[in-house]
Structures are given as structure tokens and as C-alpha cells.
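The block underneath contains the structure these notes are about, expressed in C-alpha cells.
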Amino acid sequence: MKLKLLHLLLTTDKDIEGTPAQLRGFMGNQFEKHIELHHHIASPEGEAKLKYDYPRIQYSINRNKAILLGIEENAISVLRNVVMNVKELLLGSNSYEIIEINAHYEETEFGILNSGKLILYKFNSPWLALNSENYKKFTVATIKERRRLLKSILIGNILSMSKHLGYNVPDTIHVNIELSPIKVFYKDIPLVGFKGIFESNFLIPDYVGIGKAVSHGFGKVMKTNKS
64 MKLKLLHLLL TTDKDIEGTP AQLRGFMGNQ FEKHIELHHH IASPEGEAKL KYDYPRIQYS
124 INRNKAILLG IEENAISVLR NVVMNVKELL LGSNSYEIIE INAHYEETEF GILNSGKLIL
184 YKFNSPWLAL NSENYKKFTV ATIKERRRLL KSILIGNILS MSKHLGYNVP DTIHVNIELS
244 PIKVFYKDIP LVGFKGIFES NFLIPDYVGI GKAVSHGFGK VMKTNKS
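Have a look at this one:
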């Protein structure tokens, strides 16, 4: 299927010291009615509650650029009609003037490759694969068992993403992995993430995130070649 993407680059007057989580928080607070920006909905008690869905707007930061990826029409509309009018970012105690905004729209293929070809990807940012339950399994597993567990989780992440994006996976997803653990912090909590490469017969657009906390910039993938 074709996936509609909008890459929005907000260039600021100085390097950004904040985090993708702060960027997401700023946008969500500024434009609370746009659920796509903060991924929370009101509970029956009136409290903000996380929306269990694949985030259609994903955030990252690279030096003096705040980068927002919008996936599909609703998210793209919010980026074009709301975020492109932002003049300043307030992250923590720091303010950043936006001096330039660039947008790149594309419609790109997403899904199983009929050819059976395997595409090589690398994680541009750590992949958060483990929840509390499978973290316990991971810590006591052998190397072979860890590899099998991570492959299963990766396939599950791709299936979950596909379901939420309305793509019915017609065939078996295959993956091979070469990953190493890395310590990361998510909401100031230390976690185990993974960096490295993987192969799959599933086509994923560059910079799209898989796994946990993708709206915070984790799990971004990019096609690569073996060096």
C-alpha cells in the first residue's frame, strides 16, 4: 500500500538542548485539541489518558532542527495547518526562535515485498523492544533465546504498526537481526534499548519508528547497505 508522509523540519536560531519528549509536550500543550500532537484522550474522569494506537506524529531533534514526521492525512493536515505557523519553541527553560520551516511530502510503498527480497535496515535511534514482562524473560535467557525473543518482538511490532495503519499483512514476515543492547533513558527512567541492523521482507519507509515510544523519537529505521 502507499503511505502518505510529511517530513517537517523546523530550523532554530541555535542548537536545541531539549528532548523529543519536551518537543512533543510543547506542541501538545500549545494545541491541546489536536490529539495527533500529544496522543492523549480524556478519560471518563476527565484526566488525560494515553491513546493506545500507533502515533501518527513522531518527533526527533538533530542539533538546531526539530523534526516532525506526520503519517497519513489527519496528521499531515495538523502539521501543515497548525505546526507550520509556530514561531518559537519553548523547551524547559530555553526558548528557540524558528528561522526556517521546510516540508517534504511523499507517498511511499509500505508492506510485504512480493519478490521475497530482504531489505537491510539500521536503527537510527534505539529500539525500545522490551516491556516489563519480556524484560524479565530477556534477562534470564541464553543468547540464542534472546535472539529468538527479539525477532519475535520485532515481527510483532511490524504487525501492530500495520494493523493500526490499516494494512492487512498478506504473508509471513521474516526478519534477521544483528542487535546489541544499549542503556537509554525514557522519561528519566533507565531502560534497555537496542542498536544495530535487521533484514526483513517488509518495506518500511525511512525515519518511521517501530516499537515503544516512537512518538518520542525511538526506534527510527532507515534502509542501509552493509559496510
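Counting from 1, position 222 in the sequence shown corresponds to residue 285 in this note's numbering; the numbering is continuous, with no gaps. All C-beta atoms, glycine included, are put in the ideal place defined by N, C-alpha and C. The structure displayed is predicted, hence computed values, not measured ones.
Beta-carbon separation of residue i and residue j under 9 Å?
i           : j           : result
residue 264 : residue 240 : no
residue 161 : residue 152 : yes
residue 66  : residue 172 : yes
residue 222 : residue 190 : no
residue 134 : residue 271 : yes
residue 186 : residue 258 : yes
residue 120 : residue 154 : no
residue 90  : residue 131 : yes
residue 69  : residue 227 : no
residue 242 : residue 267 : no
residue 188 : residue 123 : yes
residue 165 : residue 192 : no
residue 274 : residue 64  : no
residue 86  : residue 147 : no
residue 117 : residue 224 : yes
residue 128 : residue 73  : yes
residue 83  : residue 280 : yes
residue 149 : residue 97  : no
Could you please give me the residues that DSSP links to residue i through a beta bridge?
i           : result
residue 263 : 182 and 238
residue 166 : 71
residue 174 : 266
residue 77  : Residue 77 is not bridged to any residue.
residue 246 : 255
residue 142 : Paired residues: none, contrary to the question.
residue 159 : 152
residue 66  : 171
residue 272 : 283
The beta strand (DSSP E) with residue i in it runs from where to where?
i           : result
residue 284 : 284-286
residue 129 : 128-134
residue 120 : 120-125
residue 154 : 151-154
Just curious, the alpha helix (DSSP H) that residue i is in, first and last residue?
i           : result
residue 218 : 206-227
residue 100 : 98-101
residue 195 : 195-203
residue 292 : In the structure as shown, the chain begins at 64 and stops at 290. Residue 292 is therefore absent and cannot be evaluated.
- For the segment 219-238 and the segment 72-90, state whether three or more C-beta atom pairs, one from each stretch, are separated by less than 8 Å. no
- Item | Three CB pairs or more closer than 8 Å across the segment 87-106 and the segment 171-183 | no
- Message: So, does the segment 246-254 touch the segment 180-187, judging by three or more C-beta pairs under 8 Å?
- Response: In short, these stretches do not touch, since the Cβ pair count stays below three.
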